[in-house]
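Enquirer: Numbered per the working numbering, the sequence shown finishes at 475, counting up by one with no gaps.
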Amino acid sequence: MISSRRIFIEPEESSKERSLEREKRSLERMSLFSRGFFRTLLFSLALSLVPWPALADETGKADRLKDVVLSTRSSGEETAAERFSVPPPIVEYAPVVAIMDYTTGTILYEKGLDNEWVPASVTKLVTVYTALEASRRGAFPLDEALPVHPEAYARAMPPRSSLMFLGPDQRVNGWDLLRGLAVSSGNDAAVEVALRVAGSVSAFAGEMNNTVHSLGLKRLYFEEPSGLSPGNRITAREIAYFTRILIERWPESLPQLFSMQSFAYPEAKHFPGGRLQGNTIVQYNRNTLLRDYPGVDGMKTGYTSAAGYNVVATARRGDQRLIAVVLGVAGPTHLEGGRRRSSDAISLFDWAFSSFQTVSLTLPPPQEVPIWGGKERYGTVAATQNLSVVIPAGTESLLRGEVEVPDSFWAPQDRASPAGMVRYRLGTEPLLEVPLWFTQPIEAGGVLRRGWDRLRWWFSRLALRIAS
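#1: Going by beta carbon distance, what residues of the same chain come within less than 7 Å of arginine 422, once the five residues before and after it are set aside?
#2: So, at 6 Å on beta carbons, what are the nonlocal neighbours of methionine 215 in its own chain, with the 5 sequence-adjacent residues on each side left out?
#3: Between the Cα of isoleucine 6 and those of Glu450, Arg323, Gly408, spot the shortest distance and give me the residue it belongs to.
#4: Residue range of the beta strand (DSSP E) that aspartate 304 falls in?
#5: From glycine 145 to valine 135, what distance separates their C-alpha atoms?
#6: I'd like the list of long-range same chain contacts for threonine 295, defined as Cβ closer than 7 Å, with 5 residues on each side in sequence excluded.
#7: Whole angstroms is fine: what's the gap from leucine 471's alpha carbon to tryptophan 464's?
#8: Grab me the residues of tyrosine 300's own chain with a C-beta within less than 7 Å of its C-beta, minus the 5 sequence neighbours each way, in chain order.
#9: Give the DSSP-derived three-state secondary structure of asparagine 217 in the structure shown.
#10: Please name the residue in Ala87, Ser168, Leu405, Arg178 whose C-alpha comes closest to that of isoleucine 114.
#11: So, is threonine 340 buried or exposed, given that buried needs 16 or more other C-beta atoms within 10 angstroms?
#12: Rounded to whole angstroms, how far is the Cβ of glycine 223 from the Cβ of valine 129, which I believe are closer than 8 Å?
#13: Flag this pair as yes or no: are the beta carbons of glutamate 117 and valine 98 separated by less than 8 Å?
#14: Taking leucine 170 as the reference, give the member of Arg178, Tyr316, Leu188, His156 with the closest Cα.
#15: Given this structure, state the Cα-to-Cα distance separating asparagine 317 from glycine 401, to the nearest angstrom.
#16: Expressed to the nearest angstrom, what Euclidean distance is found between the alpha-carbon atoms of glutamate 440 and aspartate 304?
#17: Return helix, strand or coil for leucine 3, following the three-state DSSP convention.
#18: With distances taken from CA atoms, which of Ser207, Ser269, Gln177, Arg461 is nearest tyrosine 293?
#19: Closest to alanine 390 by C-alpha separation, out of Leu253, Thr218, Leu368, Asp414, would be which residue?
#20: Could you tell me which uninterrupted beta strand (DSSP E) segments, each at least 3 residues in length, are contained entirely in the segment 128-173, listed from first to last along the chain?
#21: Just the Cα atoms here: how many angstroms apart are threonine 242 and glycine 338?
#22: Given that a residue counts as buried once 16 or more other Cβ atoms are within 10 Å of its Cβ, and exposed if not, what is aspartate 108?
#23: Beta strand (DSSP E) containing phenylalanine 363: first to last residue?
#24: Along the chain, where does the beta strand (DSSP E) that runs through arginine 407 open and close?
#25: Reducing DSSP to helix, strand and coil, say where serine 395 ends up.
#26: Kindly provide the ranges of any alpha helix (DSSP H) runs that are 4 or more residues long and lie completely inside the segment 216-285, ordered along the chain.
#27: Let me check one thing: in DSSP terms, what residues is proline 442 bridge-paired to?
#28: Report the option in Pro425, Ser395, Ala418, Ser312 whose CA atom is closest to the CA atom of arginine 457.
#29: Name, in chain order, the residues that DSSP records as bridge partners for tryptophan 124.
#30: Nearest to glycine 325 by CA position, among Gly315, Trp379, Gly302, is which residue?
#31: Just grab the DSSP bridge partners of glutamine 327 for me.
#32: Just the C-alpha distance for leucine 433 and valine 93, rounded to the nearest angstrom, thanks.
#33: Output the boundary residues of the alpha helix (DSSP H) element that contains valine 388.
#34: Please state whether DSSP places phenylalanine 466 in a helix, a strand or coil.
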């Protein structure tokens, strides 16, 4: 069962209430000393701007938090299956696979994760993304119908090309070209997109590479936008992360492009005067998972003799979305090769949905903490964002969170260093550490305020030692 649970961490009493009570007790203990002696010390301290060595003992706990950053035990090369000792899925055919949780980017299982592979028409995911990004800057109109370049006519494509069937006298808008890429897998559509965006296929390939490299994906490389070239390269890891970015930045691409089960082209609207020339050809999406697996709503298949049968697919159930990558399946026929790649993808989806769930962690409410030597007596500590984590299915009741914040801080404090930490555990195992930050910079107070607070701090510690 897939579920999403919010974990609340509620302190027994507010930090401000605890601080006020401590301050009250400290002041009561300070009455053991004479007021004259108290004022003399205050005057002396007010003249001095040198911090007392004893203050390092109090601030050391907070300083150590500066070296702590957000971390999980699943960082590095460890998959969720390895981390939680979950038996792996059965993958029969593909030499390279990966299954990723979309929300967190966690790799749940992998085989050959960083092996370079020929993508074939999976390349068109990057072609679509590059075109959509170009549309934002006005370089690729999505709604304007424009004439087709002769270099992109279907008859100009290499033999055995998959085609959208672009031809003379046609006028096509950007959305239909992208449908020709996503559904029909048209190599002619890829060429037309390249010419519209960059003026040439080679220039557009350079733009594709610049785009993926700007996303931090250094092992994706493309010589052209259709996927015909055996020189195109991907890895399962990076194409999974790329697909996650594509869905995040262009969620409308799922219903408008990648989940379409068929596409009819050309139609009368694509010709001058609305007069159809020739026949309308209906082509069905080669991603049979759209029909065969509930929840699949994208993405793209590919095949060449160099690549084998590839698919990148995404499926959603409830609040959980997964991304599966299957590369390099061999098959004696196109029908059998397509069946085998779908079989491995289904195995990955079935295993992941039944083995893991994505849990949304709601962090504790903002907390006020006492400030020594500041313009303000209190500062507010809070988390900057909510987070999610992948855990084995059915284990959400074992989640626990603990807040760790020092009793007080000395001003100044900036927002570049953590002020506290929320530590999550799954049962007895550490799971996730989330830093807490001051919501506003804490500025130092004037000389009198700093001297007064140093004296109060010193007497409160002295009183505690006497009492103990």
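Cβ coordinates follow ideal geometry from the N, Cα and C atoms, glycine included.
Expert: Concretely, from the data shown:
#1: Numbered from its first residue, the sequence shown carries residue 422 at position 415. Same-chain partners within the cutoff: Trp444, Phe445, Pro448.
#2: Within the sequence shown, the letter at position 208 stands for residue 215. Val133, Thr137, Phe229.
#3: Residue 6 is absent from the model: the chain starts at 8 and stops at 475.
#4: Stepping through the sequence shown from its first residue, residue 304 is reached at position 297. Where aspartate 304 is concerned, the enclosing beta strand (DSSP E) stretches over 303-311.
#5: Within the sequence shown, numbered from 1, the residue matching residue 145 stands at position 138. Within the sequence shown, numbered from 1, the residue matching residue 135 stands at position 128. Their Cα atoms are separated by approximately 15 Å.
#6: Residue mapping note: residue 295 aligns to position 288 of the sequence shown, counting from 1. Apart from sequence neighbours up to five positions away, the residues of its chain that approach threonine 295 with a beta-carbon distance below 7 Å are Gly345, Ser349, ordered along the chain.
#7: Within the sequence shown, residue 471 is the residue found at index 464, counting from 1. Within the sequence shown, residue 464 is the residue found at index 457, counting from 1. As the crow flies, the alpha-carbon of leucine 471 is around 11 Å from that of tryptophan 464.
#8: Along the sequence shown, read from residue 1 onward, the residue named residue 300 stands at position 293. Within its own chain, the residues whose Cβ lies closer than 7 Å to the Cβ of tyrosine 300, once the five positions on either side in sequence are excluded, are Ala322, Ile353, Phe356, listed in chain order.
#9: Here residue 217 refers to the residue found at position 210 of the sequence shown. Residue state for asparagine 217 is assigned as helix, using DSSP reduced to three classes.
#10: Against the sequence shown, residue 114 aligns to sequence position 107. Comparing alpha-carbon positions, the option among Ala87, Ser168, Leu405, Arg178 lying closest to isoleucine 114 turns out to be Ala87.
#11: In the sequence shown, residue 340 corresponds to position 333, counting from 1. Threonine 340 is exposed by the Cβ-count criterion.
#12: Indexing the sequence shown from 1 puts residue 223 at position 216. Indexing the sequence shown from 1 puts residue 129 at position 122. The pair is not a contact, with the Cβ atoms about 19 Å apart (cut-off 8 Å).
#13: As a working mapping, residue 117 is identified with position 110 in the sequence shown. As a working mapping, residue 98 is identified with position 91 in the sequence shown. Contact flag unset, no.
#14: Here residue 170 refers to the residue found at position 163 when the sequence shown is read from its first residue. Nearest of Arg178, Tyr316, Leu188, His156 to leucine 170, Cα basis: Leu188.
#15: Indexing the sequence shown from 1 puts residue 317 at position 310. Indexing the sequence shown from 1 puts residue 401 at position 394. Each residue's Cα considered, the two are about 32 Å apart.
#16: Locating residue 440 in the sequence shown gives position 433, where the first residue counts as 1. Locating residue 304 in the sequence shown gives position 297, where the first residue counts as 1. The alpha-carbon atoms of glutamate 440 and aspartate 304 are separated by roughly 33 Å.
#17: Residue coverage of the chain in this structure runs from 8 to 475, which leaves residue 3 outside it and unanswerable.
#18: The residue given as residue 293 occupies position 286 in the sequence shown. Before going further, note that residue 293 is arginine rather than tyrosine in the sequence given. The shortest C-alpha separation from arginine 293 is found at Ser269.
#19: Within the sequence shown, residue 390 is the residue found at index 383, counting from 1. Of Leu253, Thr218, Leu368, Asp414, the residue nearest in Cα terms is Leu368.
#20: Those beta strand (DSSP E) runs which fall completely within the segment 128-173 and span 3+ residues do not exist here.
#21: Position 235 of the sequence shown, counted from the start, is the residue given in the question as residue 242. Position 331 of the sequence shown, counted from the start, is the residue given in the question as residue 338. Threonine 242 and glycine 338 have their C-alpha atoms roughly 21 Å apart.
#22: Walking along the sequence shown from the start, residue 108 turns up at place 101. By the Cβ neighbour-count rule, aspartate 108 is buried, with 16 or more other Cβ atoms within 10 Å of its own.
#23: Taking the sequence shown and counting its residues from 1, the one referred to as residue 363 is at position 356. Under the DSSP assignment, phenylalanine 363 falls in the beta strand (DSSP E) whose first and last residues are 363-368.
#24: Position 400 of the sequence shown, counting from 1, holds the residue named residue 407. Counting along the chain, the beta strand (DSSP E) containing arginine 407 begins and ends at 406-411.
#25: The residue labelled residue 395 in the question sits at position 388 within the sequence shown. Looking at serine 395 - three-state DSSP - the assignment turns out to be strand.
#26: Runs found: 243-256.
#27: For the purposes of this step, residue 442 is taken as residue 435 along the sequence shown, with counting starting at 1. For proline 442, the pairing in a beta bridge is given by DSSP as Met428.
#28: For the purposes of this step, residue 457 is taken as the residue at position 450 of the sequence shown. Of the listed residues, the one whose Cα sits closest to arginine 457 is Ala418.
#29: Locating residue 124 in the sequence shown gives position 117, where the first residue counts as 1. Paired residues: Ile241.
#30: On the sequence shown, residue 325 is found 318 positions in, with the first residue counted as 1. Taking glycine 325 as reference, the option from Gly315, Trp379, Gly302 with the minimal CA-CA separation is Gly302.
#31: For the purposes of this step, residue 327 is taken as the residue at position 320 of the sequence shown. Paired residue(s): Arg324.
#32: On the sequence shown, residue 433 is found 426 positions in, with the first residue counted as 1. On the sequence shown, residue 93 is found 86 positions in, with the first residue counted as 1. The straight-line gap from Cα to Cα measures roughly 15 Å.
#33: Here residue 388 corresponds to residue number 381 of the sequence shown, with the count starting at 1. Valine 388 -> not in any alpha helix (DSSP H); beta strand (DSSP E) instead, spanning 385-389.
#34: To locate residue 466, count along the sequence shown from 1; it is residue 459. Phenylalanine 466: helix per DSSP, three-state reduction.
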